[in-house]
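There are 2 protein chains.
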Amino acid sequence: VSFEPRPPDSRSAAIALDAADPLAFARERFDLPPGLIYLDGNSLGAKTSSVSLDDAVNRQWGRDLITSWNANAWWTLPRRIGDRIGALVGAASGQVMCGDSTTVQLFQALTAAARLRPERRVLITDGANFPTDQYVADSVGRLLGLDVQRTSPIDPLPEDVGVVAFSTVDYRTGERWNDEAITDAAHEAGAVIVWDVSHAVGALPVELDRIGADLAVGCSYKYLNGGPGAPAWIYVAARHQPWVDLPLTGWHGHVDPFGLTSTYTPAAGIERARIGTPPVLSMLALEGALEIWRDVSLADVRAKSLALTDLAIARADAAGLETVTPRGHDRRGSQVALRLSRAYEVCQALIRRGIIGDFRAPDLLRLGFAPLYLRHTDVWDAMDELVHLVETESLAAAPRPEGVVT
Amino acid sequence: VSFEPRPPDSRSAAIALDAADPLAFARERFDLPPGLIYLDGNSLGAKTSSVSLDDAVNRQWGRDLITSWNANAWWTLPRRIGDRIGALVGAASGQVMCGDSTTVQLFQALTAAARLRPERRVLITDGANFPTDQYVADSVGRLLGLDVQRTSPIDPLPEDVGVVAFSTVDYRTGERWNDEAITDAAHEAGAVIVWDVSHAVGALPVELDRIGADLAVGCSYKYLNGGPGAPAWIYVAARHQPWVDLPLTGWHGHVDPFGLTSTYTPAAGIERARIGTPPVLSMLALEGALEIWRDVSLADVRAKSLALTDLAIARADAAGLETVTPRGHDRRGSQVALRLSRAYEVCQALIRRGIIGDFRAPDLLRLGFAPLYLRHTDVWDAMDELVHLVETESLAAAPRPEGVVT
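Line by line, the protein sequences give chains A and B.
Residues 592 to 997 in the numbering used here are what the first sequence spells out, letter by letter.
Residues 592 to 997 in the numbering used here are what the second sequence spells out, letter by letter.
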C-alpha cells in the first residue's frame, strides 16, 4: 500500500511542503522571471542558469571555426546527448540519438518500424494522439501502402497489425497510459511498438528497456528544458539496431562518413540514426540544460509531480470545476486539464495576472507542472486566481493570437 | 566581351587590389581570429559580429518563455528567413521556407518532385553529387519504386525521366554547372528539376525564378555564415505550391495548425513547407548572420570570388600544381581544388601554419574562397605557404581525425 499524503488545505500548509521539498535546490538553478507562475513547462521548459551560448558562439564557432568538429567535440554531440537523455528514459547507453525535430524522428521511427514487419499491413495510432503523430502515421502509411487505423491505446488490436504508435501521456488530457501492458499487447499481436514520450520525459520515470519498447521518440524542449525547438531524439532498442532501416539517409549516419562514397551503408549501432549536420548551437543549449539531471532523482520528480497535480485537482474539486485528467496516480502524467466553458478567455485572463498555462481547443485549460521549478505555493496561488476568476469575473471575449505552441 | 583583369603578380599588387576592394567593409563585420587564413568558408562560414544569442537565450527564452512565439515573432521566423534567403537565390517572396537539415529538405523535395510526375519512373542524380544527395535519391527511389540513375549534369536524359536532381556547384571540384540549360533540358524531357544550391548560395548569383527551377534546397552554414548546423531551406516555385505534396507532415505546415485536427490538410503557399517546431536558437543565429546582405551586392561577391580563385589558380599554375577546378569563369564556383599526391598531409601542415582548407579523399586539397571576408593578400600568402610546403618539405604522414565536416 503506497502512502499518499493529502494535498495541503491552506497556503501555510503549502509553504511547509515547499520548505521540506527535496527538489527545492533545483528551482534555484532556473532563471525564472520574478513573480511569474509558469504552468506551461509542458510546452516550453524554463531556462536553467547552466545554459549559455557565449562560449559556443564566440569561442567554438567564432574562433575555432571548422576545427570545432574535433577540437570542441561537435561530432560526438548527438550521441553524447542521446546517452544522457537515454538515462532519463531507462535506455542503456548506445540506444538514443539526438537530432532533428520530433516530426522527423517520428517519420524515421514509423517507417523503420513498418520495415521490421514487412508482411503486416496495419499501422495503429491513437485517434487522440498529438496531431503530428497522426499526420506522420498517415504519411508513412501512404508511402508504404499501409492501412492506418485510429484506436485508443486500450482498445484491442486488429488482425494484421504491424506497427503500434502511441504516446505515453495524452497531450491534452494528461492521461498516462500503461506503457508496459500496451507494449506486451502489441508484441503478443506480432507488432512492433513506437512510443512518443514527449509529454513524459523529464516529468516521470520511463523505462524503455524494461518494458521492451522497440522504438521511441521524444522532444527535449518540454520537461527537459532544452530551449525553443531543441532537437528531438530517437530510441532504437539494441536488438533491432543491426536491421533497423531508416529512410533519412544523411551522410552522418553512414558507416564511413568521410569516405564520401556514392551508396549508403548505415553505420553499426545507434550511429545509423544520425541524419545530416545537426543544429549545433541549439544542441549545445540542450546539453547545458541537461546538467541539472546530474543531481536529480526521477523518483523525487515523480513524487512532487503527483503532489502538485493532486493539489490542483483538489482545489478544482473544491470549486466545482471539471477535471478531465484521471485521478489515479498511475494514470496521470504531469499536467491537469480542466474543462471550462470559456477556457480561452480564462487562460488569457490568467496570463494577464502573471500565470501562464495554455488553451487547447475547444474547451480545455491545460496546466503543466514542471516539478523541478514549481512550488506548492505556486500551485496554491494559481488555483486561487483561477477559482476567483471563474467565480467572480465576467470575462471579455478575447481575440485569439496566431501562435501558441505545444 | 567581358574584361577579365589578370591576377596580381606580386604581393604589393595584391595589397593594391585589397585597398580598392568594394567589399573591404564586409570583412570588418566578421570576428575572424587574428592571423588565421580561413579557406574553409565553403564548409563552415565565419561568424559576423551581428550574431549574438544573448537576447535570444536570456530575454526571449528565459524571460518571455512561451509567449515568445508571438511576442518575439518566433512563429514567423522560418518564413521570414526564407524570404531573406530567397532574395539571394533569385526567388520572389513566398517561395522559400527555412528549417531542418539539408538531408531532410532533400528528402522533402525529391519526394514532392516525384509526386509531380507520378507517371514517370526514373530519378536522375549526379554520380559525383554530394553523398547525401545520392543517398537520399536512393532512399526516395526505394520508397516510391523509382529507378535511380546516376549521370553527369551534361549527359543526355533517359526515357521516362520524372525527376532530375543536381547540385549547382560540384562540392569537390568546384565545377559550376549551367543551371539554366540543364533546367531547360529537364523540362524538355518532361521532368521536374531539383537544384541543390548549398555550394552556390551566398557565393554567386543564383536565379531560381528566372531559370524556371521547380524545387531547390540549400544549406546556410557555408557562404551564408549561419553557424554550425544552421537550418537548411527549401524553394518551391509558386506555380507548384497548390499541388506540391510533401511527405514530412508536421503540424506547423497544417492549414490550421492550432485547430489540432486529426487529419493533415496542408497550408496554402510556402507555409506547407513548414515541418515541426524549428530550432529557434540556431535560427536566430542565422537571422543575425543574414544582416550583412543588406549592404552587399551579389555582383560584387561574384566578381571578387572570380578574382580570388583566378589568383589561386595562377599561383598553382606557376608552381606546376594540378588544378581540378575549371578555368572558365562560367564553369567555376567559389572554390579551387588541387590534386596533390599527399593532399592530406599538405592540408594538415597548412593548418599548423594557420591556413585552414580541407581535404577530400583520395587526393584533393579543397580551398574555399568566401568573398565577404577573404583578401587577395590572404590568397597570396596562403599560396606562398602551399607552394613552399610542396616544394621543400618532406611531409610526415599524419593520422586522420574522425570528423571534418563539409
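In this text, a Cβ means the ideal position worked out from N, Cα and C, and glycines have one as well.
Keep in mind that this is a model prediction, so the values were computed, not measured.
Neighbour list for residue i in chain A, Cβ cutoff strictly below 9 Å
| i | result |
| --- | --- |
| S659 of chain B | L635, P819 |
| Y935 of chain B | Result: empty, since nearest Cβ-Cβ is about 11 Å, beyond 9 Å. |
N-terminal and C-terminal residue of the beta strand (DSSP E) that residue i is part of
| i | result |
| --- | --- |
| F1007 of chain A | In the structure as shown, chain A starts at 592 and stops at 997, and residue 1007 of chain A therefore has no counterpart that could be examined. |
| T742 of chain B | 738-742 |
| F950 of chain B | 949-951 |
| L734 of chain A | Premise fails: L734 of chain A lies in the alpha helix (DSSP H), 722-735, not in any beta strand (DSSP E). |
| A807 of chain B | 806-809 |
| R783 of chain A | According to the sequence displayed, residue 783 of chain A carries Val and not Arg. Taken as a continuous stretch (DSSP letters only), the beta strand (DSSP E) holding V783 of chain A covers 783-787. |
| Y826 of chain A | 824-827 |
| V999 of chain A | This structure gives no information on residue 999 of chain A, because the portion of chain A shown stretches from 592 to 997. |
Contacts of residue i in chain B (Cβ-Cβ under 7 Å)
| i | result |
| --- | --- |
| F698 of chain A | L839 |
| W665 of chain A | P819 |
Buried versus exposed, by CB contacts within 10 Å (16 or more), residue i
| i | result |
| --- | --- |
| V846 of chain A | exposed |
| S634 of chain B | buried |
| T854 of chain A | exposed |
| D691 of chain A | buried |
| P953 of chain A | exposed |
| T997 of chain B | A caution first: T997 of chain B carries a pLDDT of 41, below 50, which makes its placement in the model too unreliable to give a value. |
| R933 of chain A | buried |
| S873 of chain A | buried |
| W834 of chain B | exposed |
| S640 of chain A | exposed |
| V995 of chain A | Its pLDDT being 49, under 50, V995 of chain A is placed unreliably by the model, and the measurement read from it follows with that caveat. Burial call: buried. |
| R767 of chain B | buried |
| H967 of chain A | buried |
| R650 of chain B | exposed |
| G879 of chain B | buried |
| V592 of chain B | Unreliable placement is indicated for V592 of chain B, whose pLDDT of 42 sits below 50; the coordinate value is still reported in the next sentence. Looking at its Cβ environment, which holds fewer than 16 other Cβ atoms inside 10 Å, V592 of chain B is exposed. |
| G919 of chain A | exposed |
| R865 of chain A | buried |
| L735 of chain A | buried |
Nearest-angstrom Cβ-Cβ length linking residue i and residue j, presumed shorter than 8 Å
| i | j | result |
| --- | --- | --- |
| G945 of chain A | D631 of chain A | Wrong, their Cβ atoms sit about 12 Å apart, outside the cutoff. |
| P744 of chain B | I773 of chain B | 5 Å |
| G924 of chain A | A794 of chain A | 6 Å |
| A928 of chain A | V937 of chain A | That pair is no contact at about 13 Å. |
| F950 of chain A | L956 of chain A | 6 Å |
| T868 of chain B | G820 of chain A | 5 Å |
| L737 of chain A | R706 of chain A | Not confirmed; about 11 Å, so no contact. |
| L536 of chain A | I825 of chain A | Past the edges of chain A, shown from 592 to 997, lies residue 536 of chain A, and the structure says nothing about it. |
| P822 of chain A | L877 of chain A | 6 Å |
According to DSSP, residues forming a beta bridge with residue i
| i | result |
| --- | --- |
| R767 of chain B | B:V760 |
| Q926 of chain A | A:G959 |
| I946 of chain A | A:I628 |
| T639 of chain A | A:F621 |
| T914 of chain A | A:L929 |
| L937 of chain A | For the sequence presented, residue 937 of chain A should be read as Val rather than Leu. Paired residue(s): none; V937 of chain A is not in a bridge. |
| H845 of chain A | A:P857 |
Partners in chain B for residue i, counting only beta-carbon separations shorter than 8 Å
| i | result |
| --- | --- |
| A876 of chain A | V648, L872 |
| V739 of chain A | Ordered by position in chain B, no residue passes the 8 Å Cβ test against V739 of chain A, which lies about 10 Å from the chain. |
| I866 of chain A | S692, T694, V695 |
| S853 of chain A | G718, P722, Q725, R741 |
| V642 of chain A | V648 |
| V834 of chain A | Checking the sequence, you will find Trp at residue 834 of chain A rather than Val. Correct list: empty, because the minimum Cβ distance to chain B is about 16 Å. |
Opening and closing residue of the alpha helix (DSSP H) in which residue i lies
| i | result |
| --- | --- |
| D969 of chain B | 967-983 |
| I606 of chain A | 602-610 |
| L580 of chain B | Outside the displayed span of chain B (592 to 997) sits residue 580 of chain B, for which this structure offers no information. |
| A880 of chain B | 871-880 |
| V892 of chain A | 889-909 |
| Q696 of chain B | 693-707 |
| D800 of chain A | 799-802 |
| W652 of chain A | Careful: W652 of chain A lies outside any alpha helix (DSSP H) and carries neither H nor E. |
| L668 of chain A | 668-679 |
| N661 of chain B | 659-662 |
Cross-chain neighbours of residue i in chain A, by beta carbon under 7 Å
| i | result |
| --- | --- |
| R767 of chain B | Those do not exist, as R767 of chain B stays about 20 Å from chain A at its closest Cβ, beyond 7 Å. |
| D691 of chain B | D691, S692, V695 |
Neighbour list for residue i in chain A, Cβ cutoff strictly below 8 Å
| i | result |
| --- | --- |
| G850 of chain B | A952 |
| S811 of chain B | Residues of chain A passing the Cβ test: none, with the nearest at roughly 11 Å. |
| D972 of chain B | Those within 8 Å of D972 of chain B in chain A number zero; the least Cβ separation is about 18 Å. |
Contact test: residue i Cβ vs the ligand ZN heavy atom, cutoff 7 Å
| i | result |
| --- | --- |
| F950 of chain A | As presented, the structure is devoid of all ligands, the ligand ZN included, so that no description of it is given. |
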